[in-house]
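Asks: Just add 16 to wherever you are in the sequence shown, counting from 1, and you've got the working numbering. Ideal Cβ placement from N, Cα and C applies to all residues, glycine included. Take a look at this one; I'll ask things after.
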Amino acid sequence: MNDEKRLIIVAYRIPFKVTFKESGERVLQQNSGGLVSAILSLAEKGDVFGKNQKIHWFGYSTPDILQEGETQVENENFIVHPVLIEDALNDAYYEGFCNSTIWPISHYYPYLTSFNEEDYEAYVKANKIFADQINAFIRPGDMVWIQDYQLMLLPGMLRSENPDASIGYFHHIPFATFEIFRLLPKQWQTELLKGMIGADLVGFHTNDYSQYFLRSVQRVLGYDTTARDISIPNRIVRVDTFPISIDYNKFQELYNDPGVIEKRKEFLKDLSAEKNIFSVDRLDYSKGLIHRLNGFEYFLDQYPQWHTRVVLTMIVVPSRETILKYAEMKHELEEAVGRINGKYGTLGWRPVIYLYRSLSFEELGALYTLADVALITPIRDGMNLVAKEFVATRTDKKGVLILSEMAGASLELNGAILINPTDKRTLAAAIIQALTMDEQEQTQRMQMMQDRIRVYDIFKWTEDYMDQLDIIKLKQMEFEEK
Ligand code: GDG
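This is the structure:
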């Protein structure tokens, strides 16, 4: 029997973009996201798993990516096992419970949270579809690493069939305080928490999220907890903090990348203002887009000497448009941009340049590296990788980061100007501080932040998580032997 230890990643999304040529030939374009490359590098090193072993990845997909008779799709690195969920179920599961219930409640928006029984049932069903497929595949010795809030029930569903399996779960969004979490119906609270603690290791970006989770486990499930362990009958679950990071070197190289240099020149020709501020976010109420515009408007109002000299380039990446709140927000946003440009603009100057689309990687690199100021002001954000990416690209050690203290990243990026995004006065003051900061201070602050993320990059994050999962598994075995 082949007993080589396998790594199984489970995430809502698969690591490929699948397209078809006119000839019908299938093209698999591997995502270049941080997590995908970090997991690959781990496997390539061969220190956790056998060399030349492919990584198994279970994720949602529509059936069209499979060719006749296939149940999996593979390239040189991954074997992807598509988890097929029919459209109506997926809508209620993903757009419904995931994005209209868990997302808003976890980002402290109870009034936007839907409490729909059918959506919850769809969530249970979809997690069960994942579980059935993985339970049929898993064998002793495998390591399963489950990603994010779409799969909170899955660790428990795998544990009940595989009592000895090594199972990790990582939560990429905030975990709200008990007072917010308890707004969910009791049955959902109980099942979601029981699901999560099916894992041996439950990871969060910040210590606060870990503590809020532990508190909910204590209050709802009644288990004893310490600062990072939960004692449940016959098992210990470790809860720990792993602030996700980025592929630092990849972003460092962007500054001098020929494609990025070209784009930067092009952008700078169009952006003729003395100072450039930028922001990039997905369309989402948690990103503080309206508050950001209000703060910028207040800045323009208070500091007329900056009129015509500064431009805010605001990139909003389309997202979740079929959910009513998102469509409404887009409208509101466009109204605010129009108002500000109408009120303060001149024939030759638009204070806000607003683009509702995504950027190519090169365009993103150009924007990061040309900016004088990055204005990243979410009302709530698990981590926020844009802040880390902006910092990593600045090999010139210039540029200022204004960052919301409500983003997980604010705990590490201590060279940023930290603000409360709802406070327009503080926001305006931060903008002035950033625009007038001398180069020496910019360099000092940038250096401090780069020092942190250079050391703790995405590779370190992945390695730390996996090591910790191995350690807790060993402890588990000792515990069982006693
Ligand atoms: C969850 C949590 C947590 C954005 N616009 C474009 C573009 N991006 C890329 C950025 C960055 C990523 O998307 C967005 O970063 P987030 O941190 O918001 O990540 P999400 O996966 O959306 O969110 C979040 C994260 O998980 C990780 O745990 O930080 O708090 O909500 O990498 O570069 N990339 C390109 N064009 C764009 O227009 N090419």
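1. When you compare only the Cα positions, how much space is there between residue 84 and residue 75?
2. Identify, in the order they occur along the chain, each residue of the same chain with its Cβ nearer than 7 Å to the Cβ of residue 436, setting aside the five sequence neighbours on each side.
3. Look at the alpha carbon of residue 468 and the alpha carbon of residue 431, and state the distance between them as a whole number of angstroms.
4. Cα separation between residue 262 and residue 395?
5. Could you spell out where the beta strand (DSSP E) holding residue 172 opens and where it closes?
6. Give, in chain order, every unbroken run of the beta strand (DSSP E) that is at least 3 residues long and sits entirely within the stretch 85 to 110.
7. Measuring CA to CA, which of 141, 181, 166 is closest to residue 157?
8. Which of the three DSSP states is assigned to residue 463 in this structure?
9. To the nearest angstrom, how far is the alpha carbon of residue 196 from that of residue 233?
10. Count the other CB atoms within 10 Å of the CB of residue 141; is the residue buried (16 or more) or exposed (fewer)?
11. Just to confirm before moving on: does the CB-CB distance between residue 353 and residue 368 stay below 8 Å?
12. Using 7 Å as the cut-off, classify the Cβ of residue 188 as near or not near the heavy atoms of the ligand GDG, replying yes or no.
13. Determine, using beta carbons only, whether residue 475 and residue 27 come nearer to each other than 8 Å.
14. I'd like the span of the beta strand (DSSP E) that includes residue 330, first residue to last.
15. Excluding the 5 residues preceding and the 5 following residue 480 in the sequence, name in chain order all residues of the same chain whose CB lies nearer than 8 Å to its CB.
16. Count the C-beta pairs between the stretch 314 to 327 and the stretch 353 to 365 that are closer than 8 Å, then say yes if the count reaches three, no if not.
17. Pull up the distance between the alpha-carbon of residue 290 and that of residue 489, whole angstroms please.
18. Cβ atoms of residue 255 and residue 295: under 8 Å apart, would you say?
19. Report the rounded CA-to-CA distance for residue 339 versus residue 132, giving the unit in angstroms.
20. What's the C-alpha gap between residue 64 and residue 438?
21. Which partner residues of residue 374 appear in the DSSP bridge assignment?
22. Give me the Cα-Cα distance between residue 486 and residue 239, rounded to the nearest whole angstrom.
23. By DSSP's criteria, residue 163 is part of a beta bridge. Which residues make up the other side?
24. I want to check one thing, is the minimum distance from the CB of residue 405 to the heavy atoms of the ligand GDG below 7 Å?
25. Output needed for residue 122: all residues of its chain with C-beta closer than 6 Å, excluding positions within five of it in sequence on either side, in chain order.
26. Apply the 10 Å Cβ neighbour rule to residue 104 and answer buried if 16 or more other Cβ atoms are within range, or exposed otherwise.
27. Between the stretch 157 to 177 and the stretch 211 to 222, do three or more beta carbon pairs fall short of 8 Å?
28. Give me the DSSP bridge partner(s) of residue 32.
29. With residue 99 and residue 77 assumed to form a contact (beta carbons below 8 Å), what rounded beta-carbon distance in angstroms separates them?
30. Residue 27 by DSSP, collapsed to three states: which one?
31. In angstroms, rounded to a whole number, what distance separates the CA positions of residue 383 and residue 405?
32. Under the criterion of a Cβ to heavy atom distance below 7 Å, does residue 400 qualify as lining the ligand GDG?
33. Considering only the beta carbon of each residue, do residue 113 and residue 136 sit closer than 8 Å?
34. Going by other Cβ atoms of all chains shown within 10 Å of its Cβ, with 16 needed for buried, is residue 458 buried or exposed?
35. With the cut-off set at 8 Å, would you say residue 109 and residue 118 are in Cβ contact?
36. Is it right to say residue 43 is buried, meaning 16 or more other beta carbons lie within 10 angstroms of its own, or is it exposed?
Replies: This is what the structure holds:
1. Rounded to the nearest whole angstrom, the C-alpha separation of residue 84 and residue 75 is 19 Å.
2. Taking C-beta separations shorter than 7 Å and ignoring five residues to either side along the sequence, the partners of residue 436 in its chain run 421, 442, following chain order.
3. Looking at the backbone, the Cα of residue 468 and that of residue 431 are separated by about 10 Å.
4. C-alpha separation (whole angstroms): 22 Å.
5. Here residue 172 belongs to no beta strand (DSSP E); instead the alpha helix (DSSP H) covers 170 to 177.
6. Whole beta strand (DSSP E) segments, 3+ residues: 94 to 100.
7. Measuring from the Cα of residue 157, the nearest candidate turns out to be 181.
8. Per DSSP, reduced to three states, the secondary structure at residue 463 is helical.
9. So the alpha carbons of these two residues sit roughly 14 Å apart.
10. Counting Cβ neighbours within 10 Å, residue 141 comes out exposed, since fewer than 16 surround it.
11. For residue 353 and residue 368, yes; Cβs fall inside 8 Å.
12. Yes.
13. No, these two residues do not count as a Cβ contact at 8 Å.
14. That run of the beta strand (DSSP E) goes 326 to 333.
15. If we look at residue 480 and ignore the five residues flanking it on each side, its Cβ neighbours are 258.
16. The answer is yes - the stretch 353 to 365 touches the stretch 314 to 327, with three or more Cβ pairs under 8 Å.
17. Just so you know, the alpha carbons of residue 290 and residue 489 end up roughly 56 Å apart.
18. No, these two residues do not count as a Cβ contact at 8 Å.
19. Rounded to the nearest angstrom, the two C-alpha atoms are 14 Å apart.
20. Residue confidence is low: residue 64 scores 47 on pLDDT, short of 50, so the model does not pin down where it sits. Its coordinate-derived value is still stated next. Spanning the alpha carbons of residue 64 and residue 438 requires a straight line of approximately 45 Å.
21. Paired residue(s): none; residue 374 is not in a bridge.
22. Computed Cα separation, rounded: 23 Å.
23. 186.
24. Yes.
25. These residues qualify, in order along the chain: 189, 190, 192.
26. It is exposed - the Cβ of residue 104 has fewer than 16 other Cβ atoms within 10 Å.
27. Cβ pair count under 8 Å is three or more, so yes.
28. 46.
29. Between residue 77 and residue 99 the Cβ distance is about 7 Å, and since that is below 8 Å, they are a contact.
30. Coil.
31. Straight-line Cα distance between these residues: approximately 11 Å.
32. Within the chosen limit of 7 Å, the ligand GDG reaches the beta carbon of residue 400 through at least one heavy atom.
33. Cβ distance < 8 Å, so residue 113 and residue 136 count as in contact.
34. Buried, since its Cβ has 16 or more Cβ neighbours within 10 Å.
35. Cβ atoms of residue 109 and residue 118: not closer than 8 Å.
36. Its Cβ having fewer than 16 others within 10 Å, residue 43 is exposed.
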